[in-house]
Amino acid sequence: MTNIQVEELRKEFSGESGTITAVDDVSFTVEDGEFVCIVGPSGCGKTTLLRCIAGLETPTSGSIQLGGEEVADVPPQHRNLAFVFQDITLYPHMKVWQNISYPLKLSGHSKEERYEEAQEVAETIQIGELLDKYPGDLSGGQQQRVAIGRSIIRSPRAYLLDEPMSDLDAKLKKEMRVELQQIQREVGGTMTYVTHDQEEAMTLSDRMLVMDEGEIQQYGSPHAVYHEPNNTFVAQFIGSPEINLLPATCPNGDGRTVEVEESGWRIGTGIDEEVPEKVMVGFRPRHTTVHRDGSGELDGEISLVESVGDEGIVYVDSEVGELRSVVEIEEKPVREGDAVSIDVNRTYLFDREDGTLLT
Ligand code: ATP
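Residue numbering for the sequence shown follows UniProt numbering, beginning at 1 and increasing consecutively.
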């Protein structure tokens with residue numbers, strides 16, 4: 001396996017309506033054996049970035065190195081990378097073992113060799129019993145595993161996966177996530193995985209590359225990206241339900257207390273630093289407490305409860321608009337129309353001008 005080093009990579013597309021910068025001077029490294037998810041909203045440049053690494057797009061400028069080797073002039077088939085894309089293209093008239101070992105057929109291996117290798121790969125990814133079936137007899141998840149098997153068989157330098165699970169249902173997705181992690185441990189692969197699903201990225205990644213409008217917004221562990229978001233974009237994109245974000249001012253000239261605009265609601269932040277007068281205050285729904293006895297600082301009324309097992313996402317109408325909160329609902333059910341009050345336990349302050357995290 002190998003590391004992937006991307007430096008100042010830029011990819012522009014020119015068309016009749018002008019030039020689009022899909023990837024905007026992006027630099028990062030995926031270490032040997034690391035699992036990195038590239039995550040961001042639709043159109044932020046994830047696929048283009050992956051296709052540049054694969055050699056399927058020619059960068060406008062910048063460099064890509066695989067294991068220290070510059071690959072600008074290396075065609076995709078000689079980069080020895082495995083791709084798994086969203087659309088699974090298995091050959092319907094070939095059995096599973098033939099599909100898995102197809103790359104070996106192209107490189108002239110005998111039928112016996114191919115069957116043996118396919119068997120070994122199939123054992124690794126636990127589809128040994130499917131070898132003699134046809135794709136049409138398999139579930140979506142099994143087909144996905146065959147596609148992964150086909151990419152493993154060539155012992156590639158690294159894996160590039162583009163939304164490989166987006167066609168699977170929620171339950172299967174969860175199973176496949178666990179399996180993909182197991183497969184990665186088995187083969188020790190360097191994985192670069194594109195998804196727009198931040199929850200998927202949080203579960204799978206060693207590090208996440210969060211992109212917006214062609215640029216890296218943050219590159220870090222799921223823990224860092226969730227707990228120390230670089231800016232309001234990352235804070236809003238990562239975490240479910242979405243963070244509460246409100247314009248506020250700092251009446252004392254420091255960040256210790258902020259006053260949410262157009263209300264008298266003051267939130268103690270515990271942040272003892274100088275900050276600009278105008279900020280955005282953010283607090284995650286999990287970092288709030290909903291009181292039913294009137295002891296909280298901001299009054300409101302529950303407008304909607306979404307139950308998720310023992311937890312509920314509670315939407316509260318208040319003087320500062322609708323706030324999201326997560327509560328345990330097993331013991332004390334909360335209902336729409338209930339009068340409640342809210343306390344905030346942990347906050348972030350962002351610069352209102354450019355959205356960067358201040359503290
Ligand atoms: P999605 O999650 O929807 O697949 P993405 O984050 O992968 O989106 P890209 O597909 O990389 O985003 O697209 C980034 C930008 O580049 C978009 O504005 C897209 O329209 C544009 N783009 C991508 N490929 C081309 C192309 N071949 N020609 C012109 N523009 C393109």
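Don't be surprised by glycine CBs; every beta carbon is placed ideally from N, CA and C.
Those residues, in chain order, that have a beta-carbon closer than 6 angstroms to some heavy atom of ligand 1: Proximity annotation: ligand 1 has residues Phe13, Gly15, Ile20, Ala22, Gly40, Ser42, Gly43, Cys44, Gly45, Lys46, Thr47, Thr48, His196 in chain order, each selected because its CB is closer than 6 angstroms to a heavy atom of the ligand.
Taking the CB atoms as reference points, tell me whether leucine 172 and isoleucine 148 lie closer together than 9 angstroms. Position 172 of the sequence shown, counted from the first residue, corresponds to residue 172. Position 148 of the sequence shown, counted from the first residue, corresponds to residue 148. Their beta carbons are not under 9 angstroms apart, which means leucine 172 does not touch isoleucine 148 by this criterion.
Rounded to a whole number of angstroms, what is the C-alpha to C-alpha distance between asparagine 345 and glutamine 198? Residue mapping note: residue 345 aligns to position 345 of the sequence shown, counting from 1. Residue mapping note: residue 198 aligns to position 198 of the sequence shown, counting from 1. Spanning the two alpha carbons is a distance of roughly 24 angstroms.
If you draw a straight line from the C-alpha of glutamate 311 to the C-alpha of valine 327, how long is it? The residue given as residue 311 occupies position 311 in the sequence shown. The residue given as residue 327 occupies position 327 in the sequence shown. The alpha-carbon atoms of glutamate 311 and valine 327 are separated by roughly 6 angstroms.
Between the segment 237 to 254 and the segment 71 to 80, do three or more beta carbon pairs fall short of 8 angstroms? Here the segment 237 to 254 makes no contact with the segment 71 to 80; the two share fewer than three CB pairs at distances below 8 angstroms.
Where glutamate 215 falls: helix, strand or coil (DSSP): Here the question's residue 215 lines up with position 215 in the sequence shown. Three-state DSSP puts glutamate 215 in a strand.
Tell me methionine 191's beta-bridge partners as DSSP assigns them. Position 191 of the sequence shown, counted from the start, is the residue given in the question as residue 191. In DSSP, methionine 191 forms a bridge with Phe35, Tyr159.
Write down every uninterrupted run of the beta strand (DSSP E) in the segment 77 to 111 whose length is 3 residues or greater and which is fully enclosed by it, in chain order. DSSP runs (the beta strand (DSSP E)) wholly in the segment 77 to 111: 81 to 84.
How about glycine 62 and aspartate 32: do their beta carbons lie closer than 9 angstroms? If you number the sequence shown from 1, residue 62 lands on position 62. If you number the sequence shown from 1, residue 32 lands on position 32. No. Outside cutoff.
Assuming glutamate 163 contacts valine 194 (C-beta within less than 8 angstroms), just tell me the rounded distance between them. Locating residue 163 in the sequence shown gives position 163, counting from the first residue. Locating residue 194 in the sequence shown gives position 194, counting from the first residue. A Cβ-Cβ distance of about 6 angstroms is found for the pair glutamate 163 and valine 194, placing them in contact under the 8 angstroms criterion.
Give the DSSP bridge partners of aspartate 343, in chain order. As a first step, residue 343 must be located in the sequence shown, where it is residue number 343. For aspartate 343, the pairing in a beta bridge is given by DSSP as Thr289.
Quick one: residues in its chain with C-beta nearer than 6 angstroms to the C-beta of glutamate 128, no 5 flanking neighbours on either side, listed in chain order? Here residue 128 corresponds to residue number 128 of the sequence shown, with the count starting at 1. For the record, residue 128 in the displayed sequence is glycine; it is not glutamate. The answer, listed in chain order, is Ala122.
Please name the residue or residues paired with lysine 278 in a DSSP beta bridge. Within the sequence shown, the letter at position 278 stands for residue 278. Answer by DSSP bridge pairing, in chain order: Thr249.
Between Ser14, Val36, Glu116, which has its C-alpha nearest isoleucine 4's C-alpha? Here residue 4 corresponds to residue number 4 of the sequence shown, with the count starting at 1. For isoleucine 4, the closest of Ser14, Val36, Glu116 by C-alpha to C-alpha distance is Val36.
Does the contact criterion of 3 or more C-beta pairs under 8 angstroms hold for the segment 174 to 190 versus the segment 209 to 227? Two segments are said to touch when three or more pairs of C-beta atoms, one from each, lie closer than 8 angstroms; by this definition the segment 174 to 190 does not touch the segment 209 to 227.
Just the C-alpha distance for glycine 43 and glutamate 200, rounded to the nearest angstrom, thanks. In the sequence shown, counting from the first residue as 1, residue 43 sits at position 43. In the sequence shown, counting from the first residue as 1, residue 200 sits at position 200. Going from the Cα of glycine 43 to the Cα of glutamate 200 covers about 18 angstroms.
How many Å lie between valine 71 and lysine 95 at the Cα? Numbered from 1 along the sequence shown, position 71 holds the residue referred to as residue 71. Numbered from 1 along the sequence shown, position 95 holds the residue referred to as residue 95. Between valine 71 and lysine 95, the C-alpha separation is close to 35 angstroms.
Looking at the unbroken beta strand (DSSP E) that takes in glycine 321, where does it start and where does it end? The count along the sequence shown starts at 1 and reaches residue 321 at position 321. Counting along the chain, glycine 321 sits inside the beta strand (DSSP E) bounded by residues 321 to 328.
What distance in whole Å lies between the Cβ atoms of serine 341 and serine 295, which are believed to be in contact at a cut-off of 8 angstroms? Position 295 of the sequence shown holds residue 295. Position 341 of the sequence shown holds residue 341. Sure, about 7 angstroms apart at Cβ, within 8 angstroms.
Identify the residues that DSSP records as bridge partners of valine 258: which are they? Reading the sequence shown from its first residue, position 258 is the one you call residue 258. When DSSP reads this structure, valine 258 sits in a beta bridge with Ile267.
Pairwise C-alpha distance: leucine 104 and glutamate 113: Along the sequence shown, read from residue 1 onward, the residue named residue 113 stands at position 113. Along the sequence shown, read from residue 1 onward, the residue named residue 104 stands at position 104. About 9 angstroms.
Of all Cβ atoms in chain D, is any one closer than 9 angstroms to the Cβ of alanine 224? Here chain D cannot be found, since the structure has a single protein chain.
Between the Cα of isoleucine 243 and those of Phe283, Asp254, Ser151, spot the shortest distance and give me the residue it belongs to. Locating residue 243 in the sequence shown gives position 243, counting from the first residue. Checked all of Phe283, Asp254, Ser151; the closest Cα to isoleucine 243 is Phe283.
Residues that lysine 46 bridges to, as DSSP identifies them: By one-based count along the sequence shown, residue 46 stands at place 46. None; lysine 46 has no bridge partner.
Cross-strand partners of isoleucine 64 (DSSP beta bridge): One-based indexing of the sequence shown puts residue 64 at position 64. In the DSSP assignment, isoleucine 64 forms a beta bridge with Val6.
Count the CB pairs spanning the segment 149 to 159 and the segment 6 to 24 that are closer than 8 angstroms, and state whether there are at least three. The segment 6 to 24 and the segment 149 to 159 do not touch, with fewer than three beta-carbon pairs separated by less than 8 angstroms.
Helix, strand or coil for isoleucine 127 per DSSP? What you label residue 127 is simply residue 127 of the sequence shown in a count that begins at 1. In the structure shown, isoleucine 127 sits in coil (DSSP, three-state: anything other than H, G, I, E or B).
Short of 7 angstroms in beta carbon distance, which residues of its chain neighbour threonine 2, apart from the five on each side in sequence? Order them along the chain. Translated into positions along the sequence shown, residue 2 becomes position 2. Asp32, Leu66, Gly67, Arg157, Ala158, Thr190, listed in sequence order.
Where do the ends of the beta strand (DSSP E) carrying aspartate 348 lie? If you number the sequence shown from 1, residue 348 lands on position 348. First, the residue type needs correcting, since residue 348 is tyrosine and not aspartate in the sequence shown. Membership of tyrosine 348 in the beta strand (DSSP E) is indicated by the continuous run 348 to 351.
Inter-residue CB distance, glycine 45 and valine 23 (contact presumed, cutoff 8 angstroms): The sequence position of residue 45 within the sequence shown is 45, counting from 1. The sequence position of residue 23 within the sequence shown is 23, counting from 1. Right, the Cβ-Cβ distance comes to about 5 angstroms (below 8 angstroms), so this counts as a contact.
If valine 305 and glutamate 277 are in contact, beta carbons under 8 angstroms, what's the gap, nearest whole angstrom? The residue given as residue 305 occupies position 305 in the sequence shown. The residue given as residue 277 occupies position 277 in the sequence shown. Not really, about 37 angstroms apart at Cβ, beyond 8 angstroms.
Spatial distance of phenylalanine 237 from methionine 165 (CA atoms): For the purposes of this step, residue 237 is taken as the residue at position 237 of the sequence shown. For the purposes of this step, residue 165 is taken as the residue at position 165 of the sequence shown. Each residue's Cα considered, the two are about 20 angstroms apart.
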